[in-house]
Amino acid sequence: MSIRSGAEMSTTAPTEERILDAARSCFSRFGLHKTVMEDIAREADLSRGSLYRYFPDKESLYRAVSARETKYFIDDIARRTARARSLETKIERVLVAAMEFLYDNPINAAMAATDPEAFAATLSTNGRDLLALAVEAIIPMVHEAIEAGEVRADVDPPRAAEWIVRMALSLISTPSVTFDRDDPVELRRFLGDFLLPGLT
Numbered sequence: 030m031s032i033r034s035g036a037e038m039s040t041t042a043p044t045e046e047r048i049l050d051a052a053r054s055c056f057s058r059f060g061l062h063k064t065v066m067e068d069i070a071r072e073a074d075l076s077r078g079s080l081y082r083y084f085p086d087k088e089s090l091y092r093a094v095s096a097r098e099t100k101y102f103i104d105d106i107a108r109r110t111a112r113a114r115s116l117e118t119k120i121e122r123v124l125v126a127a128m129e130f131l132y133d134n135p136i137n138a139a140m141a142a143t144d145p146e147a148f149a150a151t152l153s154t155n156g157r158d159l160l161a162l163a164v165e166a167i168i169p170m171v172h173e174a175i176e177a178g179e180v181r182a183d184v185d186p187p188r189a190a191e192w193i194v195r196m197a198l199s200l201i202s203t204p205s206v207t208f209d210r211d212d213p214v215e216l217r218r219f220l221g222d223f224l225l226p227g228l229t
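Set out below in structure tokens:
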């Protein structure tokens with residue numbers, strides 16, 4: 030399952046949503062630095078003046094697109110984990126969603142290919158917000174795991190959630206040496222052997 034497009038999950042005013050869709054398309058095709066406001070105005074079928082009434086510059090527009098993509102990511106996590114019973118399965122699905130968000134998302138893929146340094150800087154800049162949102166999404170999973178007896182009763186859910194997210198970010202951002210992180214069976218074994226025992 031992939032993160033759905035803005036057209037499928039529109040929550041803002043129609044014109045603003047059209048601008049965000051156009052910007053997403055341009056950033057995906059040209060990369061952040063090669064995209065100019067004229068490209069986005071043309072893609073959205075708006076005049077430059079109309080575009081600037083909504084967003085004063087490319088940076089503010091990129092932040093808005095990133096915020097929307099992040100919301101879709103969090104919603105995607107909720108959908109993927111809704112029917113999972115164990116914390117291990119939920120974390121596995123979160124990891125898959127996160128890897129797809131970072132590497133398969135068209136905007137991120139374009140930035141990583143055209144300007145890897147800018148992509149790394151963007152991840153660093155947005156990292157705190159993404160971390161906070163991911164932790165917020167994981168906390169209820171830890172509560173449920175405690176109630177189900179999967180996790181020790183003395184575990185603090187917010188701290189455990191942040192630890193899980195930080196370990197997950199390390200798994201995602203750094204290639205593995207001893208196992209194939211893209212293999213669900215190996216990933217599940219790794220989680221069961223090392224990530225979850227600290228909570229049980």
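Counting in our numbering, the sequence shown runs from 30 upward without gaps.
Every residue, glycine too, gets a C-beta built ideally from N, C-alpha and C.
Where residue i falls: helix, strand or coil (DSSP)
i           : result
residue 73  : helix
residue 134 : coil
residue 62  : coil
residue 44  : helix
residue 179 : coil
residue 92  : helix
residue 114 : coil
residue 199 : helix
residue 184 : coil
residue 225 : coil
residue 68  : helix
residue 204 : coil
residue 105 : helix
residue 53  : helix
Close beta carbons around residue i, own chain, < 8 angstroms, minus the five adjacent residues each side
i          : result
residue 80 : 48, 66, 69, 70 and 73
residue 91 : 52, 56 and 61
Alpha carbon of residue i to alpha carbon of residue j, nearest angstrom
i           : j           : result
residue 219 : residue 62  : 38 angstroms
residue 181 : residue 134 : 36 angstroms
residue 189 : residue 166 : 12 angstroms
residue 127 : residue 120 : 10 angstroms
residue 227 : residue 193 : 10 angstroms
residue 221 : residue 117 : 7 angstroms
residue 58  : residue 97  : 18 angstroms
residue 60  : residue 140 : 5 angstroms
residue 208 : residue 214 : 10 angstroms
residue 217 : residue 106 : 17 angstroms
residue 142 : residue 89  : 22 angstroms
residue 104 : residue 157 : 18 angstroms
residue 86  : residue 125 : 33 angstroms
residue 172 : residue 75  : 48 angstroms
residue 164 : residue 185 : 13 angstroms
Other residues of its chain near residue i: CB distance less than 7 angstroms, five sequence neighbours each side excluded
i           : result
residue 122 : 109, 110 and 113
residue 77  : 66, 67 and 70
residue 38  : Here residue 38 scores only 39 on pLDDT, less than 50, and its place in the model is too uncertain to base an answer on.
Same chain, Cβ closer than 6 angstroms to residue i, five either side skipped, listed in chain order
i          : result
residue 33 : Any answer about residue 33 is weak, because its pLDDT of 42 lies below 50 and its placement is not dependable; what the coordinates show is given next. Counting only Cβ-Cβ distances below 6 angstroms, and skipping sequence neighbours, we find nothing.
residue 45 : 83
Burial state of residue i, where buried means 16 or more other Cβ atoms lie within 10 Å
i           : result
residue 195 : exposed
residue 177 : exposed
residue 223 : exposed
residue 183 : exposed
residue 64  : buried
residue 50  : buried
Contact belief for residue i with residue j at Cβ below 8 angstroms, rounded distance in angstroms
i           : j           : result
residue 187 : residue 168 : 6 angstroms
residue 175 : residue 131 : Not quite, the Cβ-Cβ distance comes to about 29 angstroms (not below 8 angstroms), so this is no contact.
residue 115 : residue 179 : 6 angstroms
residue 162 : residue 99  : 6 angstroms
Cβ-heavy atom distance, residue i to the ligand SAH, below 7 angstroms
i           : result
residue 137 : Of ligands this structure carries none, so the ligand SAH is not represented either.
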